[in-house]
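Reading through the C-alpha cells given below for one structure.
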Amino acid sequence: MGDRLQIPRSFSRFFFAIMVLCLVTSPLISTSSQSFATDLDGRPFDPFRAAQGKVVVLIFVRTDCPVSNRYAPTIQQLSTQIGDKAAFFLVYPSKKENSETIRKHDRDFGYALAALRDPRHILVKQSQAQITPEAAVFDANRRLVYHGRIDNLYEDFGHARKRATTHELADAIEAAIAGKTLTANATPAVGCYISDLE
Amino acid sequence: MTIVPQKVFRTSLPLACVVLLAIAFGGRTPAQQKPTAQNAAQQSPVTFNRDIATILYRTCARCHRPGEAGPFSLLTYADTKSHARQIAAVTKNRFMPPWLPEEGALKFADELRLSEDEIARIQAWVEQGTAEGNPADLPPMLKFVEGWQLGKPDVIVKATKPYALPASGSDHYWNFVFRTPVDRTRWLKAMEIRPGDKRLVHHANVLVDRQQNGRRLEAEPGAGFAGMELTIESEVFDPDSHFLFWKPGSIPYVEPDGMALRLDKDTDLILNTHLQPSGKPETIQPTLGLYFTDKPATKHPILLQLENDRLLDIPAGERHFVVTDEFTLPVDVDLLAIYPHAHYLGKDLQAIAKFPDGRSETLIHIPDWNLNWQAVYRYAQPVKLTKGTTISMKFVYDNSDDNVRNPNSPPQRVVAGNRAVDEMAHLWLQVLPENSASAKTDPRAEILEAMARHNLQKNPKDFEAHYNLAALLMGRGEVAEAIAHFSEANRIRPNEPTVNNAFGAALLAAGRTEESVPHLTAALNARPDYFDARYNLGNALASLGDFRGALAQFQAAVRINPGDANAEANLGSAFAEIGDPKQAKLHYQRALQLNPNHELARENLQQLGREPSPR
C-alpha cells in the first residue's frame, strides 16, 4: 500500500467504559421548531431517539448522484454485516427528492435500510456532511466520532480503484461499538456536494 | 488425351488479425454558440443566463439531458444550480467534459475541451453565488433530435439476448454478435450504436467480422461472450477499415461519399462493450441502426497499428515505464483519425510525426490517460503525411500505488495481454493512401508490406507478420520469398489450417507438388469443411497422377460449396481421367451452368465429344 493512501490513525491507549445512564434519551431537537428530519411518511423522525442509545450511522445519499448509487451494494452489505450492533439510516438531503422517488430508488438499488429525508439539513449540519455519499458515525452518547468517505474506492472524480483498499467507515463503526476513540475522525469524501442543494 | 485440371490456386489472402477495428465517433453539437471572450475575472457578476448556459449547451448538454449518459440533466438554471459546486470541481480538474488530448497545433473535430476562460467563468459563477441573471440573456434552448439521430435507419438489428450486469464489482467487458444484418452486399455510410442504457456503457466498438469468428466464441448461439479485446481474422485482401466507435454523447459519424464500408451477406458485426455497474442489477440489450448508400467505396482507408506489446513487462512499483515504436511510411497518406489504446497502467500517451524535411508535429498527446474515456479522435482536417514520414509512439506506464487505477494492490509485474489486468501499447491510425493512377501497386499493399516487415524487425517470431507478408508476396507473384515466410508462420503455428492451406498452395504454385500434400492434408485434418484446401489438394493429387484421390477431393469440395464453377470443372476433369465421360460431361455442364463463360469447362467438354471413350 502506498504511503499516501494510508490514513494516519491511532487509538488511544486507554479505554473508557461508557456507561449508558438513561436508555431513553430526550429528543435532541424540538419538534415545534419545524427543524427536523422526517421519515418517508413525512413524520418528524429523530434517528438518535429511535436508535435507543446504539451507535448511529447516517449515510448521506442522493438519487441522482452516480458515485453514491455505485456505493449502494457496499452500504447495504455493511449494514447487514454490522447487524443490530448499530442503527443505520440513509439520509436524503435534497428538497427535490420526494418520498415516492426515494422509495422507488431504494427498491431499485436493493436498499433495506430505513430512509430519512433531511431537506432542512438538520442531520447534515449535525454530521458536518458535505458530500453524497458520505457517512457519519455517532457513538452511543450522540457524539460525532467519524464523518467522511465510506472507503477509498474513489480517490477523485474519475480516479476509481478496482476495489477499495481502506475501509474508513467500517473501521469507525467497529471502533465506536467497541467504545474506542478515533483520532482521525474525518476523511474527505468524493461525490456530489450537498451545498449545491441549498 | 490429357485433360489438365485448371491451375487456379486458392489461397486466402489474409489481412491478418486485426484487433479492435472499426469505430465511428461522432458528436457534433446541436447548436454552436460562441462563448463570450471577456475574461471572467473582469466580468461581474457572472450569471447563468449570460455566461454559463452557452458553455453547458456546447459541452455538457449532449450527455446531461434526459435519456442520455449523464447522471443528471444540465439544461436549465435549476438543474445546474443543484450541481453547481460539483460542476466547478470537475471542470477545474478537467474531469469534465471528458476530453483527454492536450491542446495542440492539430485540431480534432468536435473538441470538447473547455478553455481556461470558460473554466474561470464557472469558478467565478459559483463563488459569486450562482446568480441566474437577466432572462433576456439566456440563449435559446437547444433542439435535440429525438430517437434515431439520422432518421429511421435502413436496417435495425437488436442483440439476440440481453446481458445481465450485476449491481456491483469492477468493470465488465461483453461482446454481442449481430448475425449477418444484410441479405446482400450493401454499402454502410453510417451506423448508430444504441448500447442500451447509456449510463452503464462506457464505450463500445463495432468490429466487422467477415469470417464469423465471434460466433465460435459463444457458449450458445446469440449468447454473446466475455472479453475486453478481440482478434478478428480476415481471409481476404480487404484492408478497408473504419472506426465504428461509440462513447457517451456520440452522434453517428456519416462517412463521406466514396468511403462507405462494405457489408456482405455473411458478415457479422460484433459490438464490444465496456460496462460499469451502477449499484443495481441491470440488463443491456444493444441495438444497431444501419444506414446504407448506393455509392460503393472508391476511397480505401486502412488502419495502421504501431505497437510494442512485446516490450511490455512492467516491474511491480515501476512509476515510469516507457514503450516506443516507430514506423516510416512507404507512400503518401492522409491521416484521418487516431486511436491510442492502453489499459489501467497507461499514464502518458503520445504520438509524433517526423517529416522527411526534419519538421515534426505532435499527432496526439494525452498527459493523463484514462481508459474509461478512451475515444477515436478524428482530425478536423486530414493531416498530410508524405512518404518517408516517421510516426513514433511513446507510451508511459505507472505500475506503482501512486496510480489509483492500478488493478493490483499491491502492484504486481504486468505484461501484455487481452485482459483488463494486462496491459497494451497500441496506437491505431486511420490513413487514406493517396491514389495515383500511375502507381503499379496498390498503395495499401505497400503499406501493409512495410508494416509486416517492420513487425518482423521488432519480433522475428511474429506469426501474423510472416503470414501477411507471405500472402502479399504471393499476390505479387514472388513465390520463393512467400514460401520462406509461410514456412516460418507454419513453424510458429504448425496446426493453423489457414497457413497450411496457403503454404500448400504456394508450394503447388512453385511446382513443389509433393511437398504441398502434407500441408493441405493437415489443413483438412484441422478443418474438414475447408473448401480451398479441398480444391488445392485435389489439384495437387491430379498433378501427381492420383486422379481417384483428386476425384474424392473435388467431390468433397463440390459438397461444401455447390456454387463453385471451378470445382465442378475440375471434378469433370477428374472423372474424364478415370474414364467416366458421362460423369465428366455432367460436371462440365454444371460448371457452365454456374459460369457460362468458363473457358476451360467448354474446351474440355468439346474435347470430350471429339475423343472416343478411353474404355
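In the order they appear, the protein sequences are chains E and H. Each residue of the first sequence is one higher than the one before, starting from 342 at the first, in our numbering. Each residue of the second sequence is one higher than the one before, starting from 708 at the first, in our numbering. For glycine and all other residues, C-beta sits at the position ideal for the given N, C-alpha and C.
For residue i and residue j, I'd like the C-alpha separation in whole angstroms.
i          : j          : result
E/Val-544  : E/Tyr-487  : The structure shown does not extend to residue 544 of chain E, since chain E is modelled only from 342 through 539, so no value can be given for it.
E/Pro-414  : H/Pro-873  : 10 Å
H/Thr-1205 : H/Arg-1219 : 19 Å
E/Ser-440  : H/Ser-985  : 21 Å
H/Asn-1106 : H/Pro-959  : 36 Å
H/His-1048 : H/Leu-1013 : 10 Å
H/Arg-1241 : H/Ala-1264 : 6 Å
H/Leu-1056 : H/Leu-1019 : 14 Å
H/Glu-1033 : H/Gly-1182 : 26 Å
H/Ala-911  : H/Gly-1211 : 39 Å
E/Thr-404  : H/His-771  : 15 Å
H/Val-648  : H/Glu-1068 : For residue 648 of chain H there is no data in the structure shown, the boundaries of chain H being 708 and 1322.
H/Asn-1134 : H/Met-1100 : Residue 1134 of chain H is actually Leu in this sequence, not Asn. Each residue's Cα considered, the two are about 7 Å apart.
E/Gln-375  : E/Ser-435  : Interpretation of E/Gln-375 is limited by its pLDDT of 49, a score under 50 that renders its predicted location unreliable; no figure is taken from the coordinates.
H/Phe-1155 : H/Leu-1176 : In the sequence as displayed, the identity of residue 1155 of chain H is Leu instead of Phe. Computed Cα separation, rounded: 8 Å.
H/Trp-806  : E/Leu-485  : 41 Å
E/Leu-419  : H/Ala-1123 : 36 Å
H/Pro-804  : H/Tyr-784  : 18 Å
H/Phe-1028 : H/Met-935  : 23 Å
H/Arg-906  : E/Tyr-412  : 15 Å
E/Ile-535  : E/Gln-471  : 5 Å
E/Ala-527  : H/Ala-795  : 23 Å
H/Asp-1041 : H/Leu-1092 : 6 Å
Going by the beta-carbon positions, is the gap between residue i and residue j smaller than 9 Å?
i          : j          : result
H/Ser-948  : H/Gln-1137 : yes
E/Pro-529  : E/Gly-489  : yes
H/Asp-1001 : H/Trp-894  : yes
H/Asp-844  : H/Arg-917  : no
H/Val-889  : H/Gly-921  : no
H/Ala-1152 : H/Leu-1179 : yes
H/Asn-1077 : H/Arg-1112 : yes
E/Ile-324  : E/Ala-427  : Shown here, chain E extends from 342 to 539; a query on residue 324 of chain E therefore has no answer.
H/Asn-1202 : H/Ala-1233 : yes
H/His-1305 : H/Ala-1283 : no
H/Asn-756  : H/Gly-840  : yes
H/Phe-1102 : H/Ala-1132 : yes
H/Lys-865  : H/Thr-994  : yes
H/Val-1038 : H/Glu-1141 : yes
H/Leu-1248 : H/Gln-1260 : yes
H/Pro-1110 : H/Leu-1052 : The sequence shown places Asn at residue 1110 of chain H, rather than the Pro named in the question. Yes, Cβ-Cβ distance for H/Asn-1110 and H/Leu-1052 is below 9 Å.
H/Pro-869  : H/His-909  : no
H/Leu-813  : H/Leu-1070 : yes
H/Gln-1300 : H/Leu-1278 : no
H/Pro-846  : H/Thr-761  : yes
E/Val-531  : E/Val-408  : yes
H/Ala-1050 : H/Asp-1129 : At residue 1050 of chain H the sequence reads His, which differs from the Ala that was named. Yes, they are a contact pair.
Using a Cβ-Cβ cutoff of less than 7 Å, which residues in the same chain neighbour residue i once the five nearest sequence positions on both sides are dropped?
i          : result
H/Asp-861  : Leu-997, Tyr-998 and Phe-999
H/Glu-925  : Val-884, Gly-931 and Phe-932
H/Met-966  : Ala-1004, Lys-1006 and Pro-1008
H/Ala-1044 : Phe-950, Val-1083, Tyr-1084, Arg-1085, Tyr-1086 and Gln-1137
H/Trp-953  : Ile-900, Pro-902, His-910 and Ala-911
H/Ala-1191 : none
With a threshold of 6 Å on Cβ separation, who are the neighbours of residue i within its own chain once the five nearest residues in sequence on each side are excluded?
i          : result
E/Ala-378  : Phe-386, Leu-457, Asp-459, Ile-463 and Leu-464
H/Gln-739  : With a pLDDT of only 40 at H/Gln-739, under the threshold of 50, the placement of this residue in the model should not be trusted; the figure read from the coordinates follows. Hits under 6 Å: none found.
H/Glu-962  : Lys-896
H/His-1226 : Asn-1207, Phe-1210 and Gly-1211
E/Phe-479  : Val-397 and Leu-485
Assuming residue i contacts residue j under a Cβ cut-off of 8 Å, what Cβ separation, rounded to an integer in Å, is found between them?
i          : j          : result
H/Ile-977  : H/Gly-903  : About 16 Å; that fails the 8 Å criterion.
H/Leu-1139 : H/Pro-1063 : H/Leu-1139 to H/Pro-1063, Cβ: 19 Å. No contact.
E/Thr-473  : E/Phe-401  : 5 Å
H/Tyr-880  : H/His-790  : Actually they do not touch by this definition, with Cβ atoms about 30 Å apart.
H/Ala-831  : H/Val-753  : 5 Å
E/Lys-503  : H/Ser-875  : The pair is not a contact, with the Cβ atoms about 12 Å apart (cut-off 8 Å).
Any chance you could list the beta strand (DSSP E) runs of at least 3 consecutive residues sitting entirely within the segment 1005 to 1058 of chain H, in chain order?
The segment 1005 to 1058 of chain H is shown to contain whole beta strand (DSSP E) runs of 3 or more residues at 1009 to 1014, 1028 to 1035 and 1040 to 1048, in chain order.
Tell me the start and end of each unbroken alpha helix (DSSP H) in the segment 1116 to 1172 of chain H that is at least 4 residues and wholly inside, in chain order.
1150 to 1165
Only counting runs of 4 or more residues, tell me where the alpha helix (DSSP H) segments fall wholly within the segment 378 to 448 of chain E, in order along the chain.
Correct list: 388 to 392, 407 to 411 and 413 to 423.
Going along the chain, which unbroken runs of the beta strand (DSSP E) with 3 or more residues stay wholly within the segment 449 to 532 of chain E?
455 to 458, 475 to 479, 485 to 489 and 495 to 497
What residue ranges within the segment 819 to 906 of chain H form continuous alpha helix (DSSP H) runs of no fewer than 4 residues, ordered along the chain?
You should have 823 to 834.
Fully enclosed by the segment 783 to 819 of chain H, which alpha helix (DSSP H) runs are 4 residues long or longer?
784 to 788 and 791 to 799
In the segment 1170 to 1225 of chain H, which residue ranges form an unbroken alpha helix (DSSP H) of at least 4 residues, counting only runs that do not cross its ends?
1170 to 1182, 1186 to 1199 and 1204 to 1216
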